[in-house]
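These notes are about the structure you will find just below.
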Amino acid sequence: MIRATEAGRVNRRAKIIRYAGRAAVYLFLACMALLVLFPFWIAFITSFKYPYEANSLDFTWWPTEFTLHGYADVFTYRGGNTVQMPLLILGFLNTLWMYLPRAVIATVLAGMAGFAYAKLRFRAKNVMFGFLMTTMLFPGVITLIPSYLLFYYYDWLNTPLPVILPGLLGSVSSVFFMRQYYAGVPSDMMDAAAVDGLGFFGIYFRIMLPIAMPAFWAQFVLAFVMGYNEYLGPMLYLKDAALLTLQLALQQFASSRQVTDPGAVMAGTLIAVVPTVALFVLAQKYFISGIVTSGLKL
Amino acid sequence: MEQIGSRTRTEQMPPDPSPKKKKSGQARSEELCGTIMGALPVVSCLVFSVVPMALALVMAFFRMRTPVSFAGAEFVWFGNFKEIFSDANFGTALLNTLIYSLTLPVSLIFALLIAAALNATVRGTGAFRVILFLPFICSSVAIVFVWKWLFDTNYGILNELLGVRVGWLDSPWMFRISLIVMMVWAQTGYKVILISASLTSVNRAYYEAAELDGANVGQRFLHITVPAVSPTLFFLLVTGLVSILQLFSEVQVMDPTGGESIDYAALTVVFYIYRQGFSYNAMGAAAAASWILTLIALVLTVLNFKLSKLWVKYD
Numbered sequence: 001m002i003r004a005t006e007a008g009r010v011n012r013r014a015k016i017i018r019y020a021g022r023a024a025v026y027l028f029l030a031c032m033a034l035l036v037l038f039p040f041w042i043a044f045i046t047s048f049k050y051p052y053e054a055n056s057l058d059f060t061w062w063p064t065e066f067t068l069h070g071y072a073d074v075f076t077y078r079g080g081n082t083v084q085m086p087l088l089i090l091g092f093l094n095t096l097w098m099y100l101p102r103a104v105i106a107t108v109l110a111g112m113a114g115f116a117y118a119k120l121r122f123r124a125k126n127v128m129f130g131f132l133m134t135t136m137l138f139p140g141v142i143t144l145i146p147s148y149l150l151f152y153y154y155d156w157l158n159t160p161l162p163v164i165l166p167g168l169l170g171s172v173s174s175v176f177f178m179r180q181y182y183a184g185v186p187s188d189m190m191d192a193a194a195v196d197g198l199g200f201f202g203i204y205f206r207i208m209l210p211i212a213m214p215a216f217w218a219q220f221v222l223a224f225v226m227g228y229n230e231y232l233g234p235m236l237y238l239k240d241a242a243l244l245t246l247q248l249a250l251q252q253f254a255s256s257r258q259v260t261d262p263g264a265v266m267a268g269t270l271i272a273v274v275p276t277v278a279l280f281v282l283a284q285k286y287f288i289s290g291i292v293t294s295g296l297k298l
Numbered sequence: 299m300e301q302i303g304s305r306t307r308t309e310q311m312p313p314d315p316s317p318k319k320k321k322s323g324q325a326r327s328e329e330l331c332g333t334i335m336g337a338l339p340v341v342s343c344l345v346f347s348v349v350p351m352a353l354a355l356v357m358a359f360f361r362m363r364t365p366v367s368f369a370g371a372e373f374v375w376f377g378n379f380k381e382i383f384s385d386a387n388f389g390t391a392l393l394n395t396l397i398y399s400l401t402l403p404v405s406l407i408f409a410l411l412i413a414a415a416l417n418a419t420v421r422g423t424g425a426f427r428v429i430l431f432l433p434f435i436c437s438s439v440a441i442v443f444v445w446k447w448l449f450d451t452n453y454g455i456l457n458e459l460l461g462v463r464v465g466w467l468d469s470p471w472m473f474r475i476s477l478i479v480m481m482v483w484a485q486t487g488y489k490v491i492l493i494s495a496s497l498t499s500v501n502r503a504y505y506e507a508a509e510l511d512g513a514n515v516g517q518r519f520l521h522i523t524v525p526a527v528s529p530t531l532f533f534l535l536v537t538g539l540v541s542i543l544q545l546f547s548e549v550q551v552m553d554p555t556g557g558e559s560i561d562y563a564a565l566t567v568v569f570y571i572y573r574q575g576f577s578y579n580a581m582g583a584a585a586a587a588s589w590i591l592t593l594i595a596l597v598l599t600v601l602n603f604k605l606s607k608l609w610v611k612y613d
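Structure below.
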């Protein structure tokens, strides 16, 4: 009898400790999530404030006088440029046409190379793959200065070519990821198709590409988001106001407003991140799994 | 056409007599297609990485008169390197880059703790993951402008919450620390996703067995969690190091002058290269500085691989 109650007490204590531990873990995670969200929240409430309220020593957690003037500013700002459109809209459109096709083509071609390295036999395979792996170890910045010189010689400055072409044939990490992905796909399907007389390009486009759609989505979203957020390249090569990308437009807009109108700056940054955040939330499942697989199997 | 021919041949003939001939046709096409498919990224790398790298090496030994041409360039042996090493700003840039690199271990530790916590919970991890990952999606330009506002001396929320009036971006050390805080915020989520993915593959039985043996939370973390994710930590260390050594956008957007008024606290090596090349038109010196940074990155990466034998557990 006594023993049983004692055991029960010990048991109950263990249970309490476990629950307390679990509560602590959730508390910790909630704190971290709040810390991540906090800057977004401050940006959000500030974006609806008039300058007098944002630049006031009394901080308010919700705008006392609600305004959309910051958002209106974002969509009408021209910044002394002679372009035909509000700058951030122009920047967004430029970003889309420069980086969206690039992301699609790069992903398809990286998948093709990944397929070849995983499934096909050809003599230069190991040499070429080893070469690609080696280039990954070099910091990309080494090409910054000489590329500028080369692009000048090619007469590519102030054209979108320097930001589109270098990544067009597939990034090395993408090739690597797709190779890992295809290594896990059984070969018999491909062998059957080969016997059926489908060429290897046919096998890739008709069979291997469709079955790897989740992986392609992940790599595509990643490639597009990376391009969308690029800053240094466009800043160097796209001096012409008509070719400005969204990040450059945002930088210009926010710099001109940061002292006088924090609300407009926050509206601008939020508008600028909405497209990629929306894309991420939609493709979230593929995206995270894509990043995980490309990162894990090195 | 050839493919169709080979198909009819294999169908009509029994497989035994001449498998060689059919195989050689297909092998030839496999050889050709594979080489073409695999070569596209190789060509891209050659044209846009290897050629520029070689050119950078040549440029590093010249003093260029005009920024974009070798016309009138003068061969100066190691003159550019000497110049860089005697430039106090380069020393500052190296030191700053080293200091900003602290972001990497700090965010790794945070990521490890968060991933372990995610692993210990059952519900809601999906939502946590999405939230933690958000900063990774945002551009550095957007992140910097938001944080600049949080750090604002007069109206920023940080001073408001802490009840102080600190110039977070106004002195060299405050600037550096503030920037590290911002980057830890921005870069931890990605690491959490990778680490927690490798944790889910750890057998829960290990934890239960350790718990029965009386191992406490800390011991379980050090002896089960850390070794289990060590390959992922190593991967993050290698890739994170190369990327933090190239820090530029964050500091440049935060302070486009490179921190002129705060002892150049915003000047990283890449920022230095950028200024040499595009503000002072010293393309040769900039190329030399890029090669120095590349060599530093290579040495650290090799060191990383050597040291990994001591602590990374593959099984």
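Chains W and A, in that order, are what the protein sequence lines are.
The first sequence begins at 1 in this note's numbering and counts up by one.
The second sequence begins at 299 in this note's numbering and counts up by one.
Beta carbons: idealized from backbone N, C-alpha and C, even for Gly.
What are the residues that DSSP puts in a beta bridge with residue i?
{"i": "A:Phe373", "result": "A:Phe360"}
{"i": "A:Ser437", "result": "None; A:Ser437 has no bridge partner."}
{"i": "A:Ser342", "result": "According to DSSP, which records beta bridges pairwise, A:Ser342 is partnered with nothing at all."}
{"i": "A:Ser367", "result": "A:Thr364"}
Where residue i and residue j are concerned, what is the direct C-alpha to C-alpha distance, given to the nearest angstrom?
{"i": "W:Ala272", "j": "A:Phe359", "result": "42 angstroms"}
{"i": "W:Thr269", "j": "W:Ile45", "result": "13 angstroms"}
{"i": "W:Tyr99", "j": "A:Phe408", "result": "33 angstroms"}
{"i": "W:Ala242", "j": "A:Leu605", "result": "50 angstroms"}
{"i": "A:Thr599", "j": "W:Asn94", "result": "37 angstroms"}
{"i": "A:Ile412", "j": "A:Pro403", "result": "14 angstroms"}
{"i": "W:Val36", "j": "A:Ile429", "result": "7 angstroms"}
{"i": "A:Asn394", "j": "A:Lys489", "result": "23 angstroms"}
{"i": "W:Val172", "j": "A:Leu406", "result": "25 angstroms"}
{"i": "A:Arg518", "j": "A:Thr390", "result": "42 angstroms"}
{"i": "A:Gly370", "j": "A:Arg361", "result": "9 angstroms"}
{"i": "W:Met213", "j": "W:Leu222", "result": "14 angstroms"}
{"i": "W:Phe28", "j": "W:Pro39", "result": "18 angstroms"}
{"i": "A:Leu497", "j": "A:Asn417", "result": "7 angstroms"}
{"i": "W:Arg102", "j": "W:Gly167", "result": "7 angstroms"}
{"i": "W:Asn299", "j": "W:Gly170", "result": "In this structure chain W extends from 1 to 298, so residue 299 of chain W is not present and cannot be described."}
{"i": "A:Val349", "j": "W:Phe59", "result": "54 angstroms"}
{"i": "W:Val281", "j": "W:Phe220", "result": "14 angstroms"}
{"i": "W:Phe131", "j": "A:Val340", "result": "8 angstroms"}
{"i": "A:Ile594", "j": "A:Leu601", "result": "10 angstroms"}
Identify the continuous alpha helix (DSSP H) that holds residue i and give its terminal residues.
{"i": "A:Trp609", "result": "581-609"}
{"i": "A:Arg518", "result": "515-518"}
{"i": "W:Ser173", "result": "172-183"}
{"i": "A:Val404", "result": "401-418"}
{"i": "A:Ser476", "result": "470-498"}
{"i": "A:Tyr398", "result": "386-398"}
{"i": "A:Met552", "result": "547-552"}
{"i": "W:Asp308", "result": "Beyond the ends of chain W as shown, which are 1 and 298, falls residue 308 of chain W; an answer cannot be given."}
{"i": "A:Leu539", "result": "524-542"}
{"i": "W:Phe216", "result": "213-228"}
{"i": "W:Val163", "result": "161-164"}
{"i": "W:Leu68", "result": "Run containing W:Leu68: none; DSSP gives neither H nor E here."}
{"i": "W:Gln251", "result": "246-257"}
Kindly list the residues whose CB is nearer than 6 angstroms to the CB of residue i, restricted to its own chain and excluding five residues on each side of it in sequence; keep chain order.
{"i": "W:Tyr117", "result": "Phe129, Arg179"}
{"i": "A:Trp466", "result": "Phe449, Met472, Ser476"}
{"i": "A:Met481", "result": "Thr401"}
{"i": "A:Asp561", "result": "Pro470"}
Near residue i, which residues of its chain fall below 7 angstroms by C-beta distance, leaving aside the five closest residues on each side in sequence?
{"i": "W:Val265", "result": "Ala254, Arg257, Gln258"}
{"i": "W:Ala43", "result": "Met266, Thr269, Leu270"}
{"i": "W:Pro86", "result": "Phe75, Thr76, Tyr77, Arg78"}
{"i": "A:Glu381", "result": "Ala583"}
Note down, in chain order, each residue of its chain lying with its Cβ closer than 8 angstroms to the Cβ of residue i, except the 5 sequence neighbours on either side.
{"i": "A:Pro525", "result": "Lys611"}
{"i": "A:Gly424", "result": "none"}
Between residue i and chain C, is there a C-beta pair that is closer than 8 angstroms?
{"i": "A:Gly336", "result": "Judged by its chain identifiers, the structure shown contains no chain C, and its protein chains are W and A."}
Quick one: is the Cβ of residue i within less than 7 angstroms of any heavy atom of the ligand FMN?
{"i": "A:Asn602", "result": "This structure does not include the ligand FMN; it has no bound ligands of any sort."}
Any residues in the region 516-530 of chain A with a beta carbon nearer than 9 angstroms to a beta carbon of chain W? Which ones, in chain order? Pro529, Thr530
Relative to chain A, which residues along the region 108-126 of chain W have a C-beta separation below 8 angstroms, given in chain order? Leu109, Ala110, Met112, Ala113, Phe115, Ala116, Tyr117, Leu120, Arg121, Phe122, Arg123, Ala124, Lys125
Of all the residues that make up the region 547-580 of chain A, which are near chain W by a beta-carbon distance shorter than 9 angstroms? Ser547, Gln550, Val551, Pro554, Val567, Val568, Ile571, Tyr572, Gln574, Gly575, Phe576
At a Cβ cut of 8 angstroms, what residues of the region 587-605 of chain A count as close to chain W, listed as they run along the chain? When CB distances to chain W are screened at a threshold of 8 angstroms, the residues of the region 587-605 of chain A falling below it are Ser588, Trp589, Leu591, Thr592, Ala595, Leu596, Thr599, in chain order.
Scan the region 452-473 of chain A for residues whose Cβ lies nearer than 8 angstroms to a Cβ of chain W and list them as they occur along the chain. Asn452, Tyr453, Ile455, Glu458
For the region 44-65 of chain W, which residues have a beta carbon sitting closer than 8 angstroms to at least one beta carbon of chain A? Thr46, Ala54, Asn55, Ser56, Leu57, Phe59
Using a beta-carbon distance cut-off of less than 8 angstroms, what residues from the region 77-110 of chain W approach chain A? Listed in sequence order: Leu109, Ala110.
Given a limit of 7 angstroms on CB to CB distance, which residues of the region 382-411 of chain A reach chain W? Result list empty, no residue passes.
Give, in chain order, every residue of the region 181-202 of chain W whose Cβ lies closer than 9 angstroms to some Cβ of chain A. Ala194, Val195, Asp196, Gly197, Leu198, Gly199, Phe200, Phe201, Gly202
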